[in-house]
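To keep things clear, I will list the structure first and then write my remarks on it.
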Amino acid sequence: MACPPPSQISALELLGFGECGWGISLVWGLGNSIVIALGAYSLGFLIGIGGAFGKLYGGPILKDLLAAYTTLVRAVPELVLILILFYAFTGALNEILLSWGYDRIEISPIVTGIVVLGLVQGAYQTEVIRGGILAVPVGQLEAARAMGMPSLTMARRITLPQMAANALPGLANLWLNATKDTALLAVIGFSELTRATSSASASTKAFFVFYPAAMALYLIISLTSTLLIGRIEKWARRGQRDVRT
Amino acid sequence: MRFLIRPNTAAIKPQPPSNQAPSTLLHNPDDKSVTPPASLPIYSLAKPIPGAPNLPKQRRDHMPDQGSTGASQPIAIRVSALRKSFGTHEVLKGVSLTAREGDVVAIIGGSGSGKSTMLRCVNFLETPSGGEIEIGGEKVAMRAEGTPSDRRQLERLRQSLGMVFQNFNLWTHKTVLENLIEVPVHVLKIPKAEAEARARQLLARVGLAEKEGAYPAFMSGGQQQRAAIARALAMNPKAMLFDEPTSALDPELVGEVLQVIKGLADEGRTMILVTHEMKFAREVASHVIYLHNGIIEEEGPPDQLFGAPKSDRLKQFLKTVG
Ligand SMILES: Nc1ncnc2c1ncn2[C@@H]1O[C@H](COP(=O)(O)OP(=O)(O)O)[C@@H](O)[C@H]1O
Ligand SMILES: [Mg+2]
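Sequences listed follow chains A and B, in order. According to the numbering used here, the first sequence is numbered sequentially starting from 56. According to the numbering used here, the second sequence is numbered sequentially starting from 7.
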């Protein structure tokens with residue numbers, strides 16, 4: 056490497072994609088963060104839908120299990136959860152594999168990250184979606200029931216779209232949380248944006264270049280999300296009158 | 007005076023001297039979409055709803071001694087010894103009702119007397135605590151404690167009953183047309199184009215042809231209720247259940263909805279109608295049930311029930327509701 060000492064490189068070059076820049080590493084980290092956030096959020100959404108319906112309509116055992124899950128996950132700091140789940144998840148999986156006579160495997164950190172953050176997201180989304188379902192006017196469901204709509208069709212065609220309008224602000228918050236929670240994965244050595252930033256600044260001592268750059272990238276994610284969420288919310292609230300008028 | 011009193015019942019109350027056509031009386035001036043041609047009230051449209059029972063129109067001009075269509079018609083809905091409790095509160099204490107095809111059974115009674123509960127037990131929106139429900143000659147399978155035991159049967163029977171609620175309950179995330187085709191397309195699996203064509207016919211019939219793309223929240227109560235009636239009709243039901251269809255409406259919007267219901271009655275539709283509109287009940291019903299505290303205090307043909315009530319409670323009730 057023919058790079059001069061970092062103190063002699065311009066900030067732009069440090070952030071650039073050239074031989075002496077850290078651009079590729081940062082963008083890679085950003086990509087990882089986004090992939091994990093998307094994956095975790097989607098997994099959380101599936102858990103949330105199932106969890107909400109389970110909590111509302113499930114049997115007593117399912118309800119208790121779900122209550123334990125949401126209570127525990129929401130009570131424990133996410134960082135602690137990530138550490139526990141990371142070691143527990145990989146550990147338990149390998150235990151199972153070994154006991155079935157397979158070799159232990161290395162699980163890709165991306166998958167681990169998605170599963171761990173997805174479980175956290177699932178607990179919060181369960182509650183937000185449950186609230187959204189509870190806020191659906193009972194008459195909307197009675198009309199469907201009275202017309203002989205089977206319950207699965209009703210959940211899909213009536214309950215979920217109605218829930219969406221109610222739950223969207225809460226779900227949007229959780230999406231922003233998901234993007235930021237990816238940073239917590241730095242503690243398990245996963246090279247998402249925060250970890251990439253920290254490595255770059257540690258090597259170059261150019262903290263005041265890389266951290267503001269990371270901040271800007273997080274801000275871009277957030278602003279883009281807000282823009283998109285606004286559109287989705289408008290669509291989900293179609294048919295509703297604006298409360299502000 | 008919101009609706010036309012038919013000549014055979016007009017003797018009871020003198021009509022105000024009016025030579026206006028009934029449709030003009032019913033017409034809400036702000037609402038262009040309901041305006042029927044002056045000579046052609048909605049309820050006498052030349053073309054009947056497809057699938058509507060084709061009963062002789064005279065059956066509504068009931069014989070004085072015979073409240074309903076007569077024993078010749080098959081039974082559409084039968085409720086036998088129906089009981090219903092909410093916790094320890096017994097709301098229905100063994101009520102029965104028979105609606106033959108073409109009958110219009112009106113249920114009247116004070117607030118809290120159990121009218122809605124009785125109607126909602128017919129399609130099991132409320133689970134009866136005892137008794138039997140029979141729809142189209144088919145007994146609804148029930149467990150001992152009253153819960154329906156055959157989900158598929160219940161869904162099928164519900165599809166043959168069109169329910170109209172006090173608060174319309176149109177699906178707010180769907181346009182009017184989407185509301186009408188929802189169950190036909192996604193439950194009854196009718197091809198979308200066919201369902202839409204039929205839905206448009208129904209919307210035209212209730213005077214909402216221009217509103218098919220509107221969302222319910224942006225329509226008047228009367229328009230929403232007419233759309234809700236069209237939605238129920240879109241399933242081509244064998245009978246209609248109305249739970250106080252005009253009670254949530256501003257007074258000036260009541261007429262347009264009653265007119266649509268009247269049209270259905272004239273067409274020979276079977277229906278059970280819970281209502282506070284006594285004049286209307288008298289006009290359209292073939293049989294009237296007066297419910298008080300969860301029992302049927304008195305029942306009979308409308309002229310008898312309204313003209314010569316026997317029980318003191320009913321007399322009192324009729325006095326208070328005017
Ligand atoms: N879901 C319910 N839970 C408890 N009580 C109810 C419920 N629905 C109705 N009731 C009670 O049952 C009685 C009859 O109600 P309802 O059938 O709605 O009367 P109506 O329609 O004649 O005004 C009322 O006393 C009401 O409070
Ligand atoms: Mg009621």
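Where a beta carbon is used, it is the ideal one built from N, C-alpha and C, also for glycine. The structure displayed is predicted, hence computed values, not measured ones.
If distances are taken between C-alpha atoms only, which option among Pro134/B, Ile139/B, Trp177/B and Lys145/B comes closest to asparagine 202/A?
The question names asparagine, but residue 202/A in the sequence shown is methionine. Checking every option, the nearest Cα to that of methionine 202/A belongs to Trp177/B.
Selection of the stretch 131 to 154 of chain B by Cβ proximity to chain A, strictly under 9 angstroms:
Leu131
So, for glutamine 217/A: in the same chain, excluding its five sequence neighbours on each side, which residues have a beta-carbon less than 7 angstroms away from its beta-carbon?
Val191 and Gln195
Counting only C-beta atoms, is proline 164/A closer than 8 angstroms to chain B at any point?
It does not; no Cβ of chain B falls within 8 angstroms.
Spell out whether any CB of chain A is found under 8 angstroms from the CB atom of phenylalanine 323/B.
no
By DSSP's criteria, lysine 99/B is part of a beta bridge. Which residues make up the other side?
Arg89/B
Any chance the CB of glutamine 250/B is under 7 angstroms from a heavy atom of ligand 2?
In the sequence as presented, glutamine is not what sits at residue 250/B; that position holds glutamate. Under cutoff, so the answer is yes.
What did DSSP end up calling valine 90/A once you bin it into helix, strand or coil?
In the three-state DSSP reduction, valine 90/A falls in the helix class (H, G or I).
Got a sec? Which residues, its chain only, sit under 6 angstroms from alanine 199/A by beta carbon, not counting five neighbours each side?
Met209 and Ile213
Thinking C-alpha only, which one of Pro164/A, Asn149/A, Ile165/A and Val166/A is nearest aspartate 158/A?
Asn149/A
Can you tell which of Gln310/B, Phe312/B and Ile295/B has the C-alpha that lies nearest to the C-alpha of glutamate 304/B?
Ile295/B
May I ask you to report which of helix, strand or coil DSSP gives histidine 192/B?
The three-state secondary structure of histidine 192/B, taken from DSSP, is helix.
Hey, is the stretch 286 to 300 of chain A in contact with the stretch 122 to 130 of chain A, meaning 3+ C-beta pairs nearer than 8 angstroms?
Segments in contact, no.
Would you identify the three-state DSSP class for leucine 85/A, choosing helix, strand or coil?
helix
Proline 42/B (DSSP reduced to helix, strand or coil):
Residue placement at proline 42/B is flagged as unreliable, the pLDDT there being 41, under the threshold of 50; the coordinate-derived value follows with that caveat. Proline 42/B falls in the coil class under three-state DSSP.
Are there any heavy atoms of ligand 2 lying less than 7 angstroms away from the beta-carbon of lysine 90/B, as far as the coordinates show?
no
Indicate the three-state DSSP secondary structure (helix, strand or coil) for cysteine 75/A in the structure shown.
coil
Is the beta carbon of glycine 219/B closer than 8 angstroms to that of leucine 183/B?
yes
Does the stretch 137 to 156 of chain B come close enough to the stretch 195 to 214 of chain B that 3 or more CB-CB pairs lie under 8 angstroms?
no
Taking 8 angstroms as the cut-off, decide whether the C-beta atoms of serine 91/A and isoleucine 184/A are in contact.
For clarity, residue 91/A is isoleucine in the given sequence; the question names serine instead. It is not a contact, given that the beta carbons lie outside the stated cut-off.
Which of helix, strand or coil DSSP assigns to isoleucine 64/A
coil
Which chain A residues are close to methionine 225/B, counting only those with a beta carbon under 8 angstroms from its beta carbon?
Near methionine 225/B there are no residues of chain A at all, since even the closest Cβ is about 11 angstroms away, more than 8 angstroms.
Buried versus exposed, by CB contacts within 10 Å (16 or more), valine 97/B:
buried
What residues of chain B sit near alanine 201/A, judged by a beta carbon separation below 7 angstroms?
Near alanine 201/A (Cβ distances below 7 angstroms), the residues of chain B are Asn129, Leu131, Arg164 and Met169.
Is the Cβ of isoleucine 213/A closer than 8 angstroms to any Cβ of chain B?
yes
If I follow the unbroken alpha helix (DSSP H) through leucine 274/A, where does it start and stop?
Note, leucine 274/A: alpha helix (DSSP H), 262 to 291.
When burial is assigned at 16 or more other CB atoms within 10 Å of the CB, is glycine 84/A buried or exposed?
Buried, by the Cβ-count rule.
Specify whether the stretch 217 to 229 of chain A and the stretch 181 to 196 of chain B touch according to this definition: at least 3 beta carbon pairs, one from each stretch, less than 8 angstroms apart.
no
Starting from glutamate 258/B, follow the beta strand (DSSP E) in both directions and report where the run begins and ends.
Unbroken run through glutamate 258/B is the alpha helix (DSSP H), 257 to 272; no beta strand (DSSP E).
Beta-carbon contacts of glutamine 64/B that lie in its chain and below 7 angstroms, excluding the five residues immediately before and after:
Only weak support is given to the placement of glutamine 64/B: the predicted model assigns it a pLDDT of 43, under 50, and the value that follows is read from those uncertain coordinates. Result list for glutamine 64/B: empty, nothing under 7 angstroms.
Buried or exposed: where does aspartate 119/A fall if 16 or more other Cβ atoms within 10 Å of its Cβ makes it buried?
By the neighbour-count rule (16 or more Cβ atoms within 10 Å), aspartate 119/A is not buried but exposed.
Any Cβ of chain A within less than 8 angstroms of the Cβ of lysine 180/B?
So yes, lysine 180/B belongs to the interface.
Measuring from the CB of serine 122/B, is there a heavy atom of ligand 2 at a distance below 7 angstroms?
Yes, Cβ of serine 122/B sits closer than 7 angstroms to a heavy atom of ligand 2.
Spell out whether any CB of chain B is found under 8 angstroms from the CB atom of glycine 86/A.
no
Cutoff 8 angstroms; reference arginine 157/B; Cβ partners in own chain excluding five residues on either side:
Exclusion of the five residues before and after arginine 157/B leaves no residue of its chain whose Cβ lies closer than 8 angstroms to its Cβ.
Taking only beta-carbon atoms, is valine 246/B less than 8 angstroms away from chain A?
Here residue 246/B is methionine; the residue named in the question, valine, does not match the sequence. It does not; no Cβ of chain A falls within 8 angstroms.
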